[in-house]
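As numbered in this note's numbering, residues 2 to 85 make up the sequence shown, in order.
Even for Gly, the Cβ is constructed at its ideal location relative to N, Cα and C.
The structure displayed is predicted, hence computed values, not measured ones.
Here the structure is laid out as structure tokens; the discussion comes afterwards.
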Amino acid sequence: MRSFLVVAIALLATAGAYAQTSPTKTCRTQATESKLTGTALESFMAKCEGEAHVKCDSAALKNSLSGGAKKSFTKKCVADAVGA
2 MRSFLVVAIA LLATAGAYAQ TSPTKTCRTQ ATESKLTGTA LESFMAKCEG
52 EAHVKCDSAA LKNSLSGGAK KSFTKKCVAD AVGA
């Protein structure tokens, strides 16, 4: 239980640090502003999500996260970068 608490605190701390350095525009916002549709939208979103995944993985490694903490951090980080 104690180790879970430590991991949870570390996850929250690193998520906050990443949020401060992440761009303010999500992939979805950028696509909307560019008025992309159809294949162009799909292509842009796939590329943007891939780039976000690389950046989030990098941030997780930089913060020495591994296992479930890394997976959880990366999932939230990518979701935040892509947008709803």
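Cα-Cα separation, ALA32 to LYS48:
If you number the sequence shown from 1, residue 32 lands on position 31. If you number the sequence shown from 1, residue 48 lands on position 47. For ALA32 and LYS48, the distance between alpha carbons rounds to 12 Å.
Spatial neighbours of PHE45 in its chain, beta-carbon cut-off 8 Å, leaving aside the 5 residues before and after
Locating residue 45 in the sequence shown gives position 44, where the first residue counts as 1. CYS28, GLN31, ALA32, SER35, LEU37, listed in sequence order.
Quick check on DSSP: helix, strand or coil for SER44?
Here residue 44 refers to the residue found at position 43 of the sequence shown. DSSP places SER44 in helix when its eight states are reduced to three.
Can you check whether the CB of ALA82 is closer than 7 Å to the CB of LYS71?
Counting from 1 along the sequence shown, the entry for residue 71 is found at position 70. Counting from 1 along the sequence shown, the entry for residue 82 is found at position 81. Cβ distance not < 7 Å, so LYS71 and ALA82 don't count as in contact.
Considering Cα atoms alone, identify which of THR25, LYS63, HIS54, THR40 is closest to ALA80.
As a working mapping, residue 80 is identified with position 79 in the sequence shown. Selected option, being the one with the closest Cα: HIS54.
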